[in-house]
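*Asks:*
Number of protein chains: 2
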Amino acid sequence: MKRRSPAVRPKQSRRAGHGAVTLSDVATAAGVAPITVSRALNTPDTVSEALRERIGAAVAALGYVPNRMAGALASARTRVVPVIVPSLSNVVFVEVIAGIQETVEAAGYQMLLGSTDYDLAREAALVATLLGWAPPGVLLAGLRHLPRTVELLKTAAVPVVEFMEYGPRCIDMNVGLSHVRAGAAMAAHLRACGYRRLGFVGARMRDDYRARQRYDGMNRHCIAAGDTTVTLFETLSCEAANDSDQEVGWCALPEVLAAQPRIEALFFANDEMAVGAMLRARRDGIAVPDRVAIAGFNGLPVSGLMTPGLTTITSPRRAIGQRAGAMLLARINGDLSQRLRIDVGFTLEPRAST
Amino acid sequence: MKRRSPAVRPKQSRRAGHGAVTLSDVATAAGVAPITVSRALNTPDTVSEALRERIGAAVAALGYVPNRMAGALASARTRVVPVIVPSLSNVVFVEVIAGIQETVEAAGYQMLLGSTDYDLAREAALVATLLGWAPPGVLLAGLRHLPRTVELLKTAAVPVVEFMEYGPRCIDMNVGLSHVRAGAAMAAHLRACGYRRLGFVGARMRDDYRARQRYDGMNRHCIAAGDTTVTLFETLSCEAANDSDQEVGWCALPEVLAAQPRIEALFFANDEMAVGAMLRARRDGIAVPDRVAIAGFNGLPVSGLMTPGLTTITSPRRAIGQRAGAMLLARINGDLSQRLRIDVGFTLEPRAST
DNA sequence: CTGAAAGCGCTTACAG
DNA sequence: CTGAAAGCGCTTACAG
Chain A
186 MKRRSPAVRP
196 KQSRRAGHGA
206 VTLSDVATAA
216 GVAPITVSRA
226 LNTPDTVSEA
236 LRERIGAAVA
246 ALGYVPNRMA
256 GALASARTRV
266 VPVIVPSLSN
276 VVFVEVIAGI
286 QETVEAAGYQ
296 MLLGSTDYDL
306 AREAALVATL
316 LGWAPPGVLL
326 AGLRHLPRTV
336 ELLKTAAVPV
346 VEFMEYGPRC
356 IDMNVGLSHV
366 RAGAAMAAHL
376 RACGYRRLGF
386 VGARMRDDYR
396 ARQRYDGMNR
406 HCIAAGDTTV
416 TLFETLSCEA
426 ANDSDQEVGW
436 CALPEVLAAQ
446 PRIEALFFAN
456 DEMAVGAMLR
466 ARRDGIAVPD
476 RVAIAGFNGL
486 PVSGLMTPGL
496 TTITSPRRAI
506 GQRAGAMLLA
516 RINGDLSQRL
526 RIDVGFTLEP
536 RAST
Chain B
186 MKRRSPAVRP
196 KQSRRAGHGA
206 VTLSDVATAA
216 GVAPITVSRA
226 LNTPDTVSEA
236 LRERIGAAVA
246 ALGYVPNRMA
256 GALASARTRV
266 VPVIVPSLSN
276 VVFVEVIAGI
286 QETVEAAGYQ
296 MLLGSTDYDL
306 AREAALVATL
316 LGWAPPGVLL
326 AGLRHLPRTV
336 ELLKTAAVPV
346 VEFMEYGPRC
356 IDMNVGLSHV
366 RAGAAMAAHL
376 RACGYRRLGF
386 VGARMRDDYR
396 ARQRYDGMNR
406 HCIAAGDTTV
416 TLFETLSCEA
426 ANDSDQEVGW
436 CALPEVLAAQ
446 PRIEALFFAN
456 DEMAVGAMLR
466 ARRDGIAVPD
476 RVAIAGFNGL
486 PVSGLMTPGL
496 TTITSPRRAI
506 GQRAGAMLLA
516 RINGDLSQRL
526 RIDVGFTLEP
536 RAST
């Protein structure tokens with residue numbers, strides 16, 4: 186029986202075929218019509234118990250796995266939702282994704298993840314490809330896209346949720362927080378602590394426009410206050426392409442202090458950078474906050490474990506994902522009563538580093 | 186022209202339909218047969234330049250996006266590769282995923298990401314569902330799966346790469362490192378430093394069996410040495426479900442020292458936990474390595490930024506992803522000449538924390 | 001180089 | 001409750 190002559194291969198049509206067990210095979214095995222197998226699988230209560238059992242047995246015996254593409258093509262519906270983010274190496278997006286996944290999987294949907302590497306052209310290409318899978322909706326990070334991306338999504342006429350930042354204009358639905366307001370809130374905090382010479386330390390800010398929005402909010406707030414300056418430290422010589430944010434922060438601290446010795450407080454673009462700076466401060470014996478105060482953004486758990494504790498702004502990342510997923514699902518299910526834009530807000534956590 | 190009476194809707198067949206532009210629409214617009222449009226898009230050099238241009242114009246004018254499901258169903262081929270990992274909130278998997286993505290996207294494939302939350306039953310369910318999309322291959326983290334998972338994959342007869350740990354038995358192909366050997370290497374290092382009362386601190390080790398393998402390797406090495414003890418600290422009261430590993434390490438350190446005051450060196454299950462412990466040591470004034478030496482695993486950048494530097498074992502995470510992707514692609518393209526199992530090894534980085 | 005026909009594996013819409 | 005027919009939007013295989 187171990188012979189494997191070509192003749193063993195079952196009769197095939199001229200077409201390729203997967204060679205896999207199909208719905209018809211199950212139907213034949215169970216002695217029913219294919220449509221009955223389809224019903225037994227998709228709407229079990231429309232099939233008599235006797236047939237349901239016979240079909241279930243045949244499915245198990247043959248190891249039948251339904252071909253989702255055929256089903257989706259026939260029914261013009263998929264349960265795969267594309268999620269497009271700029272980066273996976275950033276915990277922030279990963280936590281939002283976790284919130285999305287949790288929500289959509291509970292509703293029987295699957296997530297198709299795409300990463301753009303902060304490249305808007307790649308984003309457009311991804312959107313184009315993913316729309317080819319006729320998704321019931323699309324989840325997209327950010328509010329800034331190429332015109333082509335927006336056009337593709339509008340032409341496809343699918344529900345779209347843009348998540349991460351909250352803003353006035355969106356393609357369809359939007360959930361996030363105002364980074365401008367977050368920057369202003371940190372500026373207010375630092376001023377309340379008595380600091381007047383502030384700095385914002387960012388990396389790759391052309392790509393990470395949300396960081397730039399925080400800087401803008403900080404800057405505007407201080408201009409309005411009149412007595413406080415904000416210096417933007419953006420082009421850091423140490424910023425290598427593959428460096429982690431912690432390494433960038435580590436490297437930036439001495440450069441910033443050398444460039445602006447009178448700086449009093451630094452707001453880093455994120456907690457990772459701030460942690461790197463604090464670790465550097467520790468190694469070099471730079472007192473925080475006495476020599477320079479340090480603050481971060483995101484509210485990662487590590488912020489509370491530093492000595493001194495790192496002042497930061499906590500964003501409800503998982504909640505952003507959950508709400509984005511829920512908004513999309515509601516719309517897919519025809520619920521039009523929901524809000525189209527949600528500002529999830531943020532929380533400033535003052536700690537000893539400022 | 187703003188009227189939107191039902192009559193405006195174009196004539197439809199009895200079937201659902203996406204209402205979207207199809208290949209036939211493009212064909213009609215360009216005055217050719219559908220198959221010619223298909224060729225112009227998929228194998229452009231088999232079509233005359235004149236037609237190619239006319240078709241390209243029609244595609245652009247109509248905003249045609251090919252229906253991938255129809256294409257995949259007809260050709261029995263997809264370019265979507267499922268990647269299944271236990272968690273996305275762990276940088277380690279994220280970096281492996283980045284390596285995979287980079288490799289498969291360069292070859293024109295897309296990645297469909299699924300996360301199991303360390304639940305083997307969820308893994309089996311995910312594999313079953315994803316196989317319904319008739320993927321050209323599957324990438325799966327780890328070598329331990331339910332029999333049902335293995336059976337599904339073997340029945341589907343698709344190429345499979347299991348990545349993360351390297352081991353003797355795999356479904357098809359395997360790339361990773363030996364965690365047993367990594368544990369032994371750390372034990373050898375700690376013994377070489379003069380420590381004889383060692384501890385291994387793990388969290389959720391029933392799920393994270395790779396951490397248990399490192400413990401096993403460490404333990405066996407020390408038993409063989411004869412003069413060194415290893416205590417396993419596993420059930421930590423502070424281990425809340427939602428705590429980050431850093432918080433677990435932070436919380437574990439005092440507990441461990443209270444339970445075993447004479448312990449000399451601790452090997453943490455990963456760098457995050459070790460960092461949490463070092464931050465705790467710093468806050469509580471516990472001298473590292475004098476009171477207790479600390480080591481981690483993974484070689485995250487932060488390990489080099491700690492004071493003292495954190496001894497760790499670096500795993501080539503991105504390379505694991507790249508090689509896993511490359512192995513799968515080679516097999517998909519019919520290249521059978523390649524190796525089926527790759528041990529990528531690891532590097533021990535001795536630093537001042539030990 | 002271009003096309004008419006058949007088919008991929010399912011589900012919808014109609015019948016009974 | 002069950003089924004025969006037609007169709008989803010594309011590609012394969014065969015002709016010219």
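Chains A and B, in that order, are what the protein sequence lines are. Every position in the first sequence, counted from 1, becomes a number in the numbering used here once 185 is added. Every position in the second sequence, counted from 1, becomes a number in the numbering used here once 185 is added. Ideal Cβ positions, reconstructed from N, Cα and C, are used throughout, including at glycine. What you are looking at is a predicted structure, and each value in this text was computed from that prediction instead of being measured.
If the criterion is Cβ atoms closer than 8 Å, does the pair Leu-305(B) and Leu-331(B) meet it?
*Replies:* The sequence position of residue 305(B) within the second sequence is 120, counting from 1. The sequence position of residue 331(B) within the second sequence is 146, counting from 1. Yes. Within cutoff.
*Asks:* Express the C-alpha separation of Leu-236(A) and Met-358(A) in angstroms, rounding to a whole number.
*Replies:* Along the first sequence, read from residue 1 onward, the residue named residue 358(A) stands at position 173. Along the first sequence, read from residue 1 onward, the residue named residue 236(A) stands at position 51. Taking the straight line joining both Cα atoms gives about 45 Å.
*Asks:* Are the C-beta of Ala-257(B) and some C-beta of chain A separated by less than 8 Å?
*Replies:* Here the question's residue 257(B) lines up with position 72 in the second sequence. Interface residue, yes.
*Asks:* Drop a sphere of 10 angstroms on the beta-carbon of Gly-519(A), count the other beta-carbons inside from all chains shown, and report buried for 16 or more, exposed for fewer.
*Replies:* Sequence index remark: in the first sequence, residue 519(A) carries index 334 (1-based). Gly-519(A) is exposed by the Cβ-count criterion.
*Asks:* In the DSSP assignment, what are the bridge partners of Arg-183(A)?
*Replies:* Residue 183(A) is absent from the structure shown; chain A starts at 186 and stops at 539.
*Asks:* Can you confirm whether Asn-252(B), when its beta carbon is compared against all beta carbons of chain A, has any partner nearer than 8 Å?
*Replies:* Mapped onto the second sequence, residue 252(B) falls at position 67. With respect to chain A, the C-beta atom of Asn-252(B) has a partner C-beta closer than 8 Å.
*Asks:* In whole angstroms, give me the CA-to-CA distance for Val-473(A) and Phe-482(A).
*Replies:* Counting from one through the first sequence, the residue named residue 473(A) turns up at place 288. Counting from one through the first sequence, the residue named residue 482(A) turns up at place 297. Cα to Cα, Val-473(A) sits roughly 17 Å from Phe-482(A).
*Asks:* Which of the three DSSP states, helix, strand or coil, is assigned to Thr-497(A)?
*Replies:* As a working mapping, residue 497(A) is identified with position 312 in the first sequence. If DSSP states are grouped into helix, strand and coil, Thr-497(A) belongs with the strands.
*Asks:* Indicate whether at least one CB of chain A lies closer than 8 Å to the CB of Met-491(B).
*Replies:* For this step, residue 491(B) is matched to residue 306 along the second sequence. By this cut-off, Met-491(B) is an interface position.
*Asks:* Would you call Gly-248(B) buried or exposed, if buried means 16 or more other Cβ atoms sit within 10 Å of its Cβ?
*Replies:* Looking up residue 248(B) in the second sequence gives position 63. Exposed, since its Cβ has fewer than 16 Cβ neighbours within 10 Å.
*Asks:* With DSSP collapsed to three states, give me the class of Pro-486(A).
*Replies:* Residue numbering aside, residue 486(A) sits at position 301 when the first sequence is read from its first letter. Here Pro-486(A) sits in helix by DSSP.
*Asks:* Starting from the Cα of Phe-452(A), find the closest Cα among Asp-528(A), Ile-517(A), Ala-246(A) and Ala-367(A) and give me that residue.
*Replies:* Residue mapping note: residue 452(A) aligns to position 267 of the first sequence, counting from 1. Ranking Asp-528(A), Ile-517(A), Ala-246(A) and Ala-367(A) by Cα distance to Phe-452(A) puts Ala-367(A) first.
*Asks:* Excluding sequence positions up to five away, which residues of its chain have a Cβ less than 7 Å from the Cβ of Ala-396(B)?
*Replies:* For this step, residue 396(B) is matched to residue 211 along the second sequence. The beta carbon of Ala-396(B) lies closer than 7 Å to those of Gly-387, Met-390 and Ala-454 in the same chain, with the five residues before and after it left out.
*Asks:* Tell me which residues of the region 457-475 of chain B have at least one Cβ-Cβ distance to chain A shorter than 8 Å, keeping chain order.
*Replies:* Val-460, Gly-461, Leu-464, Arg-465, Arg-467 and Arg-468
*Asks:* Give, in chain order, every unbroken run of the beta strand (DSSP E) that is at least 3 residues long and sits entirely within the region 259-291 of chain A.
*Replies:* DSSP runs (the beta strand (DSSP E)) wholly in the region 259-291 of chain A: 265-270.
*Asks:* Please determine if the region 318-325 of chain A and the region 248-268 of chain A are in contact, where contact requires at least 3 C-beta pairs separated by less than 8 Å.
*Replies:* yes
*Asks:* Could you give the distance in angstroms between the alpha-carbon of Gly-530(A) and the alpha-carbon of Gly-506(A)?
*Replies:* As a working note, residue 530(A) is residue 345 in the first sequence. As a working note, residue 506(A) is residue 321 in the first sequence. Near 14 Å, if we compare the C-alpha coordinates of Gly-506(A) and Gly-530(A).
*Asks:* Can you tell me whether Thr-301(A) is helix, strand or coil according to DSSP?
*Replies:* Counting from one through the first sequence, the residue named residue 301(A) turns up at place 116. It is coil, neither helix nor strand.
*Asks:* Mind checking if Thr-314(A) is an interface residue toward chain B, Cβ cutoff 8 Å exclusive?
*Replies:* As a first step, residue 314(A) must be located in the first sequence, where it is residue number 129. Yes, its Cβ sits closer than 8 Å to a Cβ of chain B.
*Asks:* Would you mind working out which of Glu-280(A), Leu-208(A) and Leu-273(A) sits nearest Asn-252(A), comparing C-alpha positions?
*Replies:* Taking the first residue of the first sequence as 1, we reach residue 252(A) at position 67. Of Glu-280(A), Leu-208(A) and Leu-273(A), the residue nearest in Cα terms is Leu-208(A).
*Asks:* Just the C-alpha distance for Thr-213(A) and Pro-219(A), rounded to the nearest angstrom, thanks.
*Replies:* On the first sequence, position 28 is the one that residue 213(A) refers to. On the first sequence, position 34 is the one that residue 219(A) refers to. Cα to Cα, the separation comes out at about 8 Å.
*Asks:* Can the beta-carbon of Val-346(A) be found less than 8 Å from the beta-carbon of Val-335(A)?
*Replies:* One-based indexing of the first sequence puts residue 346(A) at position 161. One-based indexing of the first sequence puts residue 335(A) at position 150. In this structure, Val-335(A) does not lie closer than 8 Å to Val-346(A) by Cβ.
*Asks:* By Cβ distance below 6 Å, which residues in the same chain neighbour Leu-525(A) in space, the five residues on each side in sequence not counted?
*Replies:* Mapped onto the first sequence, residue 525(A) falls at position 340. Excluding residues within five positions, the ones whose Cβ falls inside 6 Å are Met-358.
*Asks:* Please tell me whether Ala-319(A) has its Cβ less than 8 Å away from any Cβ of chain B.
*Replies:* If you number the first sequence from 1, residue 319(A) lands on position 134. True, the Cβ-Cβ gap to chain B drops below 8 Å.
*Asks:* DSSP three-state label for Glu-432(B), please.
*Replies:* Residue 432(B) sits at position 247 when you count from the first residue of the second sequence. Looking at Glu-432(B) - three-state DSSP - the assignment turns out to be helix.
*Asks:* Taking the alpha carbon of Val-206(B) as the reference point, which residue from Leu-226(B), Ala-242(B), Gly-241(B) and Val-250(B) has its own alpha carbon closest?
*Replies:* Translated into the one-based positions of the second sequence, residue 206(B) becomes position 21. It is Val-250(B).
*Asks:* By how many angstroms is the C-alpha of Leu-533(B) removed from the C-alpha of Met-491(A)?
*Replies:* Residue numbering aside, residue 491(A) sits at position 306 when the first sequence is read from its first letter. Residue numbering aside, residue 533(B) sits at position 348 when the second sequence is read from its first letter. One C-alpha to the other measures close to 26 Å.
*Asks:* Looking at the strands, I want to know which residues DSSP matches up with Val-343(B).
*Replies:* Position 158 of the second sequence, counting from 1, holds the residue named residue 343(B). The partner list for Val-343(B) (beta bridge, DSSP) is empty, contrary to what the question assumes.
*Asks:* Along the chain, where does the beta strand (DSSP E) that runs through Val-386(A) open and close?
*Replies:* Here the question's residue 386(A) lines up with position 201 in the first sequence. Element bounds for Val-386(A): 382-386.
*Asks:* Hey, Thr-499(B) and Arg-536(B): beta-carbon distance below 8 Å or not?
*Replies:* In the second sequence, residue 499(B) corresponds to position 314, counting from 1. In the second sequence, residue 536(B) corresponds to position 351, counting from 1. No, these two residues do not count as a Cβ contact at 8 Å.
*Asks:* Select from the region 271-283 of chain B all residues with a C-beta closer than 8 Å to any C-beta belonging to chain A, and list them in chain order.
*Replies:* Leu-273, Ser-274, Val-276, Val-279, Glu-280, Ile-282 and Ala-283
*Asks:* Measure how close the beta-carbons of Thr-414(B) and Leu-383(B) come, nearest whole angstrom, since I'm counting them as under 8 Å.
*Replies:* To locate residue 414(B), count along the second sequence from 1; it is residue 229. To locate residue 383(B), count along the second sequence from 1; it is residue 198. Indeed, because the Cβ distance is near 7 Å, the residues count as touching under 8 Å.
*Asks:* Enumerate in chain order the residues of its own chain whose CB-to-CB distance from Gly-510(A) is below 6 Å, with the five nearest sequence positions on each side excluded.
*Replies:* Walking along the first sequence from the start, residue 510(A) turns up at place 325. Same-chain partners within the cutoff: Ile-285, Thr-288 and Val-289.
*Asks:* Determine the DSSP secondary structure at Met-491(A), reduced to helix, strand or coil.
*Replies:* On the first sequence, position 306 is the one that residue 491(A) refers to. Coil, per DSSP.
*Asks:* Quick one: Cα of Ser-300(A) to Cα of Arg-329(A), how far?
*Replies:* By 1-based counting over the first sequence, the position of residue 300(A) is 115. By 1-based counting over the first sequence, the position of residue 329(A) is 144. C-alpha separation (whole angstroms): 15 Å.
*Asks:* Would you say Leu-514(A) lies against chain B (beta-carbon separation less than 8 Å)?
*Replies:* On the first sequence, residue 514(A) is found 329 positions in, with the first residue counted as 1. Closer than 8 Å: no.
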